[in-house]
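Participant: Starting off with a structure, shown below.
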Amino acid sequence: KMAEAMMARALQECPKDGKLWGEAIEMEEGAARRKTKALDALKACEVDDVDVMMSVAKAVFWGERKVEKARAWMNRAVTLKPENGDAWGVLYKFETQHGTEKQKEDVIKRCTAAEPTQGTLWKSVIKSILMTITTTTTTTTTPRRESIMMTTTNKEQLKLITPSQVLIKVAELIPVPSSL
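Everything in the sequence shown is counted per our numbering, starting at 6 for the first residue and increasing by one.
Following this line, the structure appears as structure tokens:
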């Protein structure tokens, strides 16, 4: 109840915020309530708001097993905003459940070509991968003869992170929508 009240207040203060509407759609319990919230979001936001599109595709169509409709909305979203890595992650997760190997490979290929840079999950996964990259440690001596350990990240290793690696990790973090 507290989360619902906070969301209602947030939507009053930012009535055209697609991210808020997307979260509001996904918070709703029951198919009828999600549909109603989705219609409200579609009326309140821009026609091509990717956050709303992805939430409708995920929480309404995917949740109701309307596979072709969900796929169409997700593909439209990644076409409109290819830099949104989170949207690519949802689409890939969807295709791992409902698509063929060819459809999964197509998502990976298109995502790699798009080189996404945005999205909350996308950025956190990149940060996580960066934290695990092997670092080079060097020891230097100061004029006072103290040894100082310096850690630097090898820039060549940063270039080895591919969008497909990030995509697969992001998809692992995407929850499958609850059904009816």
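From the three backbone atoms N, C-alpha and C, an ideal C-beta is built for every residue, glycine too.
Small disclaimer: the values here were computed from a predicted structure and weren't measured.
1. Can you say whether Cys-50 is buried or exposed, counting buried as having 16 or more other CB atoms within 10 angstroms of its CB?
2. Could you check if Ile-138 is buried or exposed, using at least 16 other CB atoms within 10 Å of its CB as the buried criterion?
3. Kindly indicate which residue of Gly-104, Glu-88 and Val-55 has the alpha-carbon position closest to the one of Glu-73.
4. What is the rounded straight-line gap between the Cα of Glu-100 and the Cα of Trp-93?
5. With distances taken between CB atoms, is the gap from Asn-89 to Gly-124 smaller than 8 Å?
6. What number of angstroms, rounded off, separates the C-alpha of Val-171 from the C-alpha of Gly-27?
7. Among Glu-120, Leu-16, Asp-53 and Ile-30, which has the Cα closest to the Cα of Lys-164?
Facilitator: Looking at the atomic coordinates:
1. In the sequence shown, the residue the question calls residue 50 occupies position 45. Result: buried.
2. The sequence position of residue 138 within the sequence shown is 133, counting from 1. Residue environment for Ile-138: exposed (fewer than 16 other C-beta atoms within 10 angstroms of its C-beta).
3. Counting from 1 along the sequence shown, the entry for residue 73 is found at position 68. That would be Gly-104, whose Cα lies nearest to the Cα of Glu-73.
4. Residue 100 sits at position 95 when you count from the first residue of the sequence shown. Residue 93 sits at position 88 when you count from the first residue of the sequence shown. Each residue's alpha carbon lies about 10 Å from the other.
5. Indexing the sequence shown from 1 puts residue 89 at position 84. Indexing the sequence shown from 1 puts residue 124 at position 119. Result yes, Cβ atoms of Asn-89 and Gly-124 sit closer than 8 Å.
6. Along the sequence shown, read from residue 1 onward, the residue named residue 171 stands at position 166. Along the sequence shown, read from residue 1 onward, the residue named residue 27 stands at position 22. Near 22 Å, if we compare the C-alpha coordinates of Gly-27 and Val-171.
7. Taking the sequence shown and counting its residues from 1, the one referred to as residue 164 is at position 159. Residue Glu-120 is the option with its Cα nearest to Lys-164.
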